[in-house]
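J.:
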Amino acid sequence: MWTFFHKLASPPHFYRFAATLIPWFGIPGLILIAYGAYAGLFVASVDYQQGDAFRIIYVHVPAAYLSMMAYMMMAVGGGIGLIWRLKLAHAVGAAAAPLGAAFTFLALVTGSIWGRPMWGTWWEWGDPRLTSELILLFLYFGYMALRSSIDDTAKADKASAVLALVGVVNVVIVHFSVEWWSSLHQGQTVFKKGTMDADMRIPLFAMLIGFTLIFGAMLARRIRTEILYRERRTRWVKELVLSPEGDK
Amino acid sequence: MGAPIPQQPGIFVGLIAIARRDLLLAWKRPGDVLNPLFFFAMVCTLFPLAVGPSAEQLTFSGPGVLWVAALLSTLLSLNGLFMSDHEDGSLDQLLVSPQPLPVLVLGKTIAHWIISGLPLVLISPLLAMTYRMPADVMGVLMLTLLLGTVCLSLLGSIGAALTVGLHRGTALLSLLILPLAMPVLLLGANTVSLAAGNEVYATGIWALGAYAVAALSLAPYATAAALRISNE
Amino acid sequence: MDALAMGNYGPYVWSCFALAFIIVVFVEWRSRVRHHRVYRDIEVQIKALEDRQ
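Dropping the structure here:
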């Protein structure tokens, strides 16, 4: 069991392993999303306060969740890469960043669209989560900008790992400070937390798990690309490319 | 019982030495101190020009404008924190020095704050007056700026270390520092607004103080790590 | 067509779902293109080196 994980740290093994992950995560993920979307849109009963607009939750919450999970992976990957010098860990960070940024963007836009009928405005600075999510987007951009401005891969890995770790601390601080700030200027509507009926909650879980699975599949694909590029001069890549199947 | 063992200099010796050096260098280049100050004053001037000089608007927006101006001015000055040392090679010397790098970094950051942060605090009452800020609120403003500029110098040093020597480092530096600076700005400006509105503002001061202490103890390590990475 | 209207919130709800779909498809497409391109580049280089030997 331990050897299984141990072998995974080696790039050629991970490259092959990730190839199997993609369909095994992707297909169940898509099925769950299809179910969750259908149930969320048509089966779940209408919300008392928000009417049908609350159905945006089935897209907004998974997106926001993934935006934070991707950042955690970037930070943890960076930390593991710095401490244990695992190049693969750095590759995970590099692969996760664009995905995380995309989902952060999705969370922001769906949050804004949801806000329009609820608060009457496209943007609400007073909402702590919306503002924190915007700062998260800036953090992603900063990370990707730093990576692309350093030519040497190892240096870029380490620098962006430091940035990601500092950013994690900052995300927590930002969230609390914006909450304090919005409590000062009260009266802003925060997204309703409250309890949900089962027929509303089940599609949400389906969407959450489904989106996480397809995120895993997309991430696996991007990590494979990272590995391929970083190891392009090694012997195993040469053999892979020259072999008849090639494996995409 | 041989020759006396030579004492290694204590860590504060290094910190003070490097802070003195940076202060001396800045003394010879008054522009380093004056430019951020002028920038601060200019930004404070631009706002009323843009949004109109009505009295309530000024008093209402004063804390926010002054704080944003201070933030932008600090951002500009952070660029030069490691730049000249990087260019003439002294940064490499710092990296191989037997003194612990976080301490040396702290020394540089303290000097940087004295050069660019402290003057902002001292000149802020003058500009706050143009925003019709009452004297007691000015006191709160100065306190928040004092704590806040310390935070900004420390947090900003991390970004400066990550981007030292990079092509187009300045723009990247601003992008990196913005999320770090956001809580400081929030806490600082809103604490002053609370004071202006005669409400309880102690929470903000405590939070800023805590943030400053945390930054003081942790940021130098992050900056040192970033410096080593940038200069491999 | 009650489903489409979503109680007057139709445009909001459907645009969110559509955007999610578009973004996921777009990101996945770009990931595949990138992988393909990286693989092709490496393949071309290695085969060129092989031919030379």
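Residue numbers (the numbering used here), protein chains in the order written: chain V, 1 to 248; chain U, 1001 to 1232; chain P, 2001 to 2053.
The beta carbon of each residue, even a glycine, is placed where N, CA and C say it ideally should be.
This structure is a prediction, so every number in the text was calculated from the model and none was measured.
Output yes if chain U places a C-beta closer than 8 angstroms to the C-beta of V:L139; else output no.
T.: yes
J.: Are the C-beta atoms of V:G142 and some chain A residue less than 8 angstroms apart?
T.: In summary, chain A is missing from the structure at hand, where the protein chains are V, U and P.
J.: On a CA-only basis, which of V:L163, V:L136 and V:E133 is nearest V:R147? Give me that one, please.
T.: V:L163
J.: Should P:G2007 be labelled buried (16 or more other beta-carbon atoms within 10 Å of its own) or exposed?
T.: It is exposed - the Cβ of P:G2007 has fewer than 16 other Cβ atoms within 10 Å.
J.: From the beta carbon of V:V237, is the nearest beta carbon of chain U less than 8 angstroms away?
T.: no
J.: Taking the alpha carbon of U:H1112 as the reference point, which residue from U:R1132, U:G1204, U:L1075 and U:T1203 has its own alpha carbon closest?
T.: Of U:R1132, U:G1204, U:L1075 and U:T1203, the residue nearest in Cα terms is U:L1075.
J.: Just by C-beta distance, which residues in the region 201 to 235 of chain V are closer than 8 angstroms to chain P?
T.: I214, M218, R221, R222, R224, T225, L228, Y229 and R232
J.: Would you call the region 1140 to 1150 of chain U and the region 1113 to 1129 of chain U touching, i.e. three or more CB-CB distances under 8 angstroms?
T.: The region 1140 to 1150 of chain U vs the region 1113 to 1129 of chain U: in contact.
J.: Within this structure, are the beta carbons of U:P1036 and U:L1141 separated by less than 8 angstroms?
T.: no
J.: Give the residues from the region 101 to 128 of chain V that approach chain P closer than 9 angstroms (Cβ to any Cβ), ordered along the chain.
T.: A102, F103, F105, L106, V109, T110, I113, W114, R116 and P117
J.: Assuming U:A1160 contacts U:L1173 (C-beta within less than 8 angstroms), just tell me the rounded distance between them.
T.: 6 angstroms
J.: Does V:T47 come out as helix, strand or coil in the three-state DSSP assignment?
T.: It should be pointed out that residue 47 of chain V corresponds to Asp in this sequence rather than to Thr. Note: V:D47 maps to strand in three-state DSSP.
J.: Buried or exposed: where does U:M1129 fall if 16 or more other Cβ atoms within 10 Å of its Cβ makes it buried?
T.: exposed
J.: Quick check on the burial criterion: 16 or more other C-beta atoms within 10 angstroms. Buried or exposed for U:P1006?
T.: exposed
J.: Considering only their Cβ atoms, is the gap separating U:V1184 from U:Y1211 smaller than 8 angstroms?
T.: yes
J.: Between V:G36, V:D152, V:W125 and V:F54, which lies nearest to V:S177 when the distance is taken from Cα to Cα?
T.: V:W125
J.: Distance, Cα to Cα, U:A1196 vs U:Q1057?
T.: 13 angstroms
J.: Can you list the residues of chain V that U:P1183 reaches, using a CB-CB cut of under 7 angstroms?
T.: I173, V174 and S177
J.: Just to confirm before moving on: does the CB-CB distance between U:F1040 and U:S1061 stay below 8 angstroms?
T.: no
J.: So V:A39 and V:I202 are supposed to be a Cβ contact under 8 angstroms. How far apart are they, rounded?
T.: 7 angstroms
J.: Measure the Cβ-Cβ separation of P:I2022 and V:V241 and say whether it is below 8 angstroms.
T.: no
J.: For V:M1, is the classification buried or exposed, using 16 other Cβ atoms within 10 angstroms of its Cβ as the cut-off for buried?
T.: exposed
J.: Quick check: the region 1222 to 1232 of chain U against the region 1095 to 1113 of chain U, are at least 3 beta-carbon pairs closer than 8 angstroms?
T.: yes
J.: Kindly indicate the opening and closing residues of the alpha helix (DSSP H) around U:Q1057.
T.: A1055 to L1078
J.: Using the beta-carbon of each residue, which ones in chain V are nearer than 7 angstroms to P:R2034?
T.: Residues of chain V passing the Cβ test: T225.
J.: Relative to chain P, which residues along the region 55 to 66 of chain V have a C-beta separation below 9 angstroms, given in chain order?
T.: Shown in chain order are the members of the region 55 to 66 of chain V whose Cβ falls below 9 angstroms from a Cβ of chain P: R55, I56, Y58, V59, H60, P62 and A63.
J.: Check each candidate in V:P11, V:A102 and V:K7 and name the one with the smallest Cα separation from V:Y140.
T.: The alpha carbon of V:Y140 has as its nearest neighbour, out of V:P11, V:A102 and V:K7, the alpha carbon of V:A102.
J.: Can you find a C-beta in chain V that's less than 8 angstroms from the C-beta of U:E1232?
T.: True, the Cβ-Cβ gap to chain V drops below 8 angstroms.
J.: Quick check: P:H2035 and V:T153, are their CB atoms within less than 8 angstroms of each other?
T.: Taking a C-beta distance under 8 angstroms as the contact criterion, P:H2035 and V:T153 do not qualify as a contact pair.
J.: With DSSP run on the structure shown, which of helix, strand or coil describes V:P28?
T.: helix
J.: Below 8 angstroms on the Cβ atoms is my guess for V:S67 versus V:L21; work out the distance and round it to an integer in Å.
T.: With a Cβ gap of about 21 angstroms, V:S67 and V:L21 do not count as contacting.
J.: Taking the straight line between their C-alpha atoms, what separation do you get for U:P1053 and V:L82?
T.: 53 angstroms
J.: Hey, is the region 74 to 81 of chain V in contact with the region 38 to 52 of chain V, meaning 3+ C-beta pairs nearer than 8 angstroms?
T.: no
J.: Tell me where the alpha helix (DSSP H) around V:I56 begins and ends.
T.: Counting along the chain, V:I56 falls outside any alpha helix (DSSP H), and DSSP gives it neither H nor E.
J.: Check whether chain V comes within 8 angstroms of U:A1160, counting only Cβ atoms and requiring the distance to be less than that.
T.: no
J.: Classify U:N1198 as buried or exposed, calling it buried when 16 or more other Cβ atoms lie within 10 Å of its own Cβ.
T.: exposed
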